[in-house]
Amino acid sequence: MKQVDLAKLNATAHAQASTCSFDVFDTFLVRRCTTPDGVFERAFQLSPVSGTHAEAAASYAQHRIDAEGRARKIKFDRLSISEVTIEEIYARFPFRLFGLDGSALPVLVQAEFAAEIDLCRTNIEILRLYRQMRASGRRTGFISDTYWGSERLALLLRSCQPDIAWDFLYASCDYGTGKGDKLFRHYLDEQAIAPAKAMHVGDNDQADVKSARKHGILPHFYPQATVPFADQLNRESSVAGLLSPRLATPLDQGFRTLRRIVAAQSPKPSTASHLGMSALGPVMCAFDTFIEGRVEGLRNRGRTIAVAFLGRDGFLPHRNWCEARGNTASYIEINRRVSAVGSSRTIDPIVDLIENVPKIDAKTFADILKLDIPAVAKFLARFPNGIATGKELAKALPALIDQNDLGALAAGMRQDILAHLRSSVPDFDRCTDLVLVDLGYSGRIQKALRRIFDYEGITTRLHGVYLLTRDDMLDDIPDGDSAVGFISDLVVTPHIKRMLLWNIAPFEQLCCAPAGSVKSYENGAVRRELDPRPPQQMAAIGDAQAGALIFAKGLRDCMAEFNVSPFSDLDTAAGWTAAILGRLLLLPSDDERRLLGTFQHDVNLGTVTLAPMLDAAMIERLQVVDGFPVTCTTPPPPMWLAGCFSGLSPAHAYLYLLFGANRLPPSVFGDVKADQIEIGLFTADGSASLQKLPVYRNGFAELRIRIAVSAQMRIRMIVVPIAKLATEGSLDGVFVQAGKNVQDASASRTPIEWPENRLRSAGLERSGRHFRATSADGCLIIDLAPLEKPVAIFSIGMRPLVTDSVFASALEELPVMLEAAPAVAPAMP
Numbered sequence: 005m006k007q008v009d010l011a012k013l014n015a016t017a018h019a020q021a022s023t024c025s026f027d028v029f030d031t032f033l034v035r036r037c038t039t040p041d042g043v044f045e046r047a048f049q050l051s052p053v054s055g056t057h058a059e060a061a062a063s064y065a066q067h068r069i070d071a072e073g074r075a076r077k078i079k080f081d082r083l084s085i086s087e088v089t090i091e092e093i094y095a096r097f098p099f100r101l102f103g104l105d106g107s108a109l110p111v112l113v114q115a116e117f118a119a120e121i122d123l124c125r126t127n128i129e130i131l132r133l134y135r136q137m138r139a140s141g142r143r144t145g146f147i148s149d150t151y152w153g154s155e156r157l158a159l160l161l162r163s164c165q166p167d168i169a170w171d172f173l174y175a176s177c178d179y180g181t182g183k184g185d186k187l188f189r190h191y192l193d194e195q196a197i198a199p200a201k202a203m204h205v206g207d208n209d210q211a212d213v214k215s216a217r218k219h220g221i222l223p224h225f226y227p228q229a230t231v232p233f234a235d236q237l238n239r240e241s242s243v244a245g246l247l248s249p250r251l252a253t254p255l256d257q258g259f260r261t262l263r264r265i266v267a268a269q270s271p272k273p274s275t276a277s278h279l280g281m282s283a284l285g286p287v288m289c290a291f292d293t294f295i296e297g298r299v300e301g302l303r304n305r306g307r308t309i310a311v312a313f314l315g316r317d318g319f320l321p322h323r324n325w326c327e328a329r330g331n332t333a334s335y336i337e338i339n340r341r342v343s344a345v346g347s348s349r350t351i352d353p354i355v356d357l358i359e360n361v362p363k364i365d366a367k368t369f370a371d372i373l374k375l376d377i378p379a380v381a382k383f384l385a386r387f388p389n390g391i392a393t394g395k396e397l398a399k400a401l402p403a404l405i406d407q408n409d410l411g412a413l414a415a416g417m418r419q420d421i422l423a424h425l426r427s428s429v430p431d432f433d434r435c436t437d438l439v440l441v442d443l444g445y446s447g448r449i450q451k452a453l454r455r456i457f458d459y460e461g462i463t464t465r466l467h468g469v470y471l472l473t474r475d476d477m478l479d480d481i482p483d484g485d486s487a488v489g490f491i492s493d494l495v496v497t498p499h500i501k502r503m504l505l506w507n508i509a510p511f512e513q514l515c516c517a518p519a520g521s522v523k524s525y526e527n528g529a530v531r532r533e534l535d536p537r538p539p540q541q542m543a544a545i546g547d548a549q550a551g552a553l554i555f556a557k558g559l560r561d562c563m564a565e566f567n568v569s570p571f572s573d574l575d576t577a578a579g580w581t582a583a584i585l586g587r588l589l590l591l592p593s594d595d596e597r598r599l600l601g602t603f604q605h606d607v608n609l610g611t612v613t614l615a616p617m618l619d620a621a622m623i624e625r626l627q628v629v630d631g632f633p634v635t636c637t638t639p640p641p642p643m644w645l646a647g648c649f650s651g652l653s654p655a656h657a658y659l660y661l662l663f664g665a666n667r668l669p670p671s672v673f674g675d676v677k678a679d680q681i682e683i684g685l686f687t688a689d690g691s692a693s694l695q696k697l698p699v700y701r702n703g704f705a706e707l708r709i710r711i712a713v714s715a716q717m718r719i720r721m722i723v724v725p726i727a728k729l730a731t732e733g734s735l736d737g738v739f740v741q742a743g744k745n746v747q748d749a750s751a752s753r754t755p756i757e758w759p760e761n762r763l764r765s766a767g768l769e770r771s772g773r774h775f776r777a778t779s780a781d782g783c784l785i786i787d788l789a790p791l792e793k794p795v796a797i798f799s800i801g802m803r804p805l806v807t808d809s810v811f812a813s814a815l816e817e818l819p820v821m822l823e824a825a826p827a828v829a830p831a832m833p
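Residue numbers for the sequence shown follow my numbering, beginning at 5 and rising by one.
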């Protein structure tokens, strides 16, 4: 939607127009639903069908759409007229399907008209323009392509704006012709208006702009949304149907309509600020209402409540709260590291913290705990380059850390944390309940604080309020305390939640404070780590947060002005919030991917470690060696897997979304055995052997060949007759994984592309990735050097130009050196 420049329009009107006409729907009136389909769903709710077929809303709405299409076609075939009335539409409705007969026609018509009255609101911006035009003495009225006759259209206009008056009102169904045909001509002739003296305002480029211009009328275009924003909204609807089909109804209480209006009233933004206004801001506003409801619910129990937002990614939610309510909430800086240390009486909290670190060395361990432990350094020195996985170190920690050292460290940290709380939360010791607000997810800091309070004899109850929750991880919250999630597992399923959380890193960065993580405390004040994130990233985050706050203020203003409450039903709001967030993280626009893909993720464990968001090249390699479904389970880094797939193509990103929603059959896009090929293996002493291997085909019609060799075999050359599979195509590459055995090699997530200077061909012409066979035995030749590890797996990816030359079939199990990726991919971590 584009903001109307009233001054410019009035200047134009003064110079040229004596009459101004307005389109009705999506111009003078807006609806509290995502699309016009919402009218049909609301009509269903108001019809008798909802009482007899309660689950048939989608079918009812689709039959209503189909009935209109049939009515228009039949009338055009008979009379060459495509405009129809609402009665003609419902005459084509399948009454018997819903237990009705033709006598129900007026009842259904009335239900739909009641739905229009319920959903429609006057567009305040256009109303101002309309009144200015009338006040200046111009004639004004309405011209609408609609199946509602002028009598009902007048009732609808006055129900939304009782004091509205007009000089003319034209409905296309009354004249049997629309604006794109002869309706404008009827208007000009009947009102005796010279076209050059007429102006028309509308939202449809074809019907309101081009058609008006064709008749000599000066048009003013009032689009509902810019093309990029409209595409974003369409993607949200698609995501909503996959993530939360029960709650993501088109009856979104006007949330999308208000978003369009706020966007139109904002200055042209940068990519970051547009992201803030179009996605980040709406999520923050919905979450803010959820927080407020939870806080008020606790206050109503007669409790003394303090509200505290957890740094660092509680920074933006805290700013949003304070912009609307003043400084009525605190911002506290307690992270996983300091809370785990402070809550330790046993080694368990430290173990839980360390096992989540992907890789760790002695310096990183000392940075995390702020404690040098020689036994830990000695243990880590046994690993290559002194680096172990967090799980390996966590398993050994109980035998490496002295209980006395741990107790002294924990006691000191507890006192520091409490001092920080007392300095940050007014009347901390008097409050009966402390509400902790954070993005989520498992309540680890809340649980750690509970242990700290218990150790120190503090009875204050703790209530976690989170944007997203892993609800299975919150079941151990003690009685008296609580933890709730806005996007809980009742809004989206646990599997979908894992996909969202697996890609949450860009969102965390967008919400994060422009400061390093807490390192320690001094007299309650925070001492922070250096912030390792680059300045360009911090500037983009600042722009995005500013855009989110601009949106939040605009939304508060519009809610009052339009009398629309988009969060009155928090279940529906949560469903659409999940769709907005899911669209951003899982189906980003190219501009969003380019912006967020440059971000580095601060792992926030007391180190300066930064992890990349994107590595599309690695994901592309993994698809060759593992297949698409298994690649969808790739653990970080990179931190933004959906962004990596989006970098390959929008289709890859959508397929990843389908995988996470459990809508992607493995046999369709996974690797299936489709053929077999006989390769040649040549050793250093000149001996040769033939080996039959399976050929796999995936859902993109790409072929995969996987060859495992051991160092003991002393293979120096592999000959693969790829012309037997495709006479022309492209070679995606040859990639190698190495390890101590086949299982270890196949588990490697860092396949190396085999150098081009070690690839030759015979009977093939190659140009870049493209190849064409010049003989029926055209071969790809892979030259090997002595292997550095006991086993290597070579994976060849190719795309035939002719896609039906290799078919999937139920081949008998072949004696293979390596079994391919499993048909059913493992669950997303």
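Backbone N, C-alpha and C fix where the C-beta goes; we use that ideal spot for every residue, glycine too.
Below 9 Å between beta carbons: does that hold for residue i and residue j?
i	j	result
Leu788	Ile709	no
Arg142	Ser215	no
Pro616	Gln627	no
Cys515	Phe739	no
Val361	Ile372	yes
Asp207	Arg36	no
Ile683	Cys648	no
Arg465	Ser343	no
Glu706	Gly737	no
Leu443	Ile545	no
Ser222	Ala118	Going by the sequence as given, residue 222 is Leu instead of Ser. No, the pair does not count as a contact, with Cβ atoms beyond the cut-off.
Gly346	Ile405	no
What residue range does the alpha helix (DSSP H) around residue i cover?
i	result
Ile90	90 to 94
Val266	259 to 268
Gly182	First-last for Gly182: undefined, no H or E at that position.
His656	654 to 664
Ala200	Where Ala200 is concerned, there is no enclosing alpha helix (DSSP H), given that its DSSP letter is neither H nor E.
Asn408	407 to 428
Per DSSP, residue i is paired with what?
i	result
Tyr335	Phe313
Glu493	According to the sequence as given, residue 493 is Asp; it is not Glu. For Asp493, which the question treats as bridged, DSSP gives no partner whatsoever.
Gln741	Ile797
Arg125	Val34
Ser593	In DSSP, Ser593 forms no bridge with anything.
Ala615	His605
Asp442	Tyr470
Gly145	Ser25, Phe172
Ile786	Ile722, Leu763
Met563	Its beta-bridge partners do not exist; DSSP assigns none.
Glu757	Phe739
Leu101	Note: Leu101 sits in no beta bridge, so no partner.
Lys282	Checking the displayed sequence, the identity of residue 282 turns out to be Ser instead of Lys. Paired residue(s): none; Ser282 is not in a bridge.
His774	Ser734, Ser771
Ser486	His467
Grab the span of the beta strand (DSSP E) containing residue i for me, first residue to last.
i	result
Ala678	676 to 687
Ser524	522 to 526
Leu4	With the chain covering 5 to 833 only, the question about residue 4 has no answer from this structure.
Pro698	692 to 701
Cys289	It is not in any beta strand (DSSP E) - Cys289 instead sits in the alpha helix (DSSP H) that spans 285 to 303.
Val530	529 to 532
Arg250	Run containing Arg250: none; DSSP gives neither H nor E here.
Arg710	707 to 714
Pro223	222 to 225
Verify the contact flag: residue i, CB atom, against every heavy atom of the ligand SAH, threshold strictly below 8 Å.
i	result
Lys451	Looking for the ligand SAH in the displayed structure turns up nothing, as the structure carries no ligands at all.
Self-check item: Every unbroken beta strand (DSSP E) within the segment 25 to 81, with a cutoff of 3 residues, ordered by chain
Solution: Those beta strand (DSSP E) runs which fall completely within the segment 25 to 81 and span 3+ residues are 33 to 35.
Self-check item: Validate contact between the segment 641 to 659 and the segment 479 to 489 using beta carbons, cut 8 Å, 3 pairs
Solution: No: fewer than three Cβ pairs fall under 8 Å.
Practice problem: Say whether the segment 137 to 155 touches the segment 172 to 179, bearing in mind that this needs 3 or more beta-carbon pairs closer than 8 Å, one atom from each stretch. | Solution: With a cut-off of 8 Å, the segment 172 to 179 and the segment 137 to 155 count as touching, because enough Cβ pairs lie within range.
Quiz prompt | 4 or more residues per run - each alpha helix (DSSP H) lying fully within the segment 338 to 376 | solution = For the segment 338 to 376, whole alpha helix (DSSP H) runs of length 4 or above, ordered along the chain, are 340 to 346, 352 to 358, 366 to 373.
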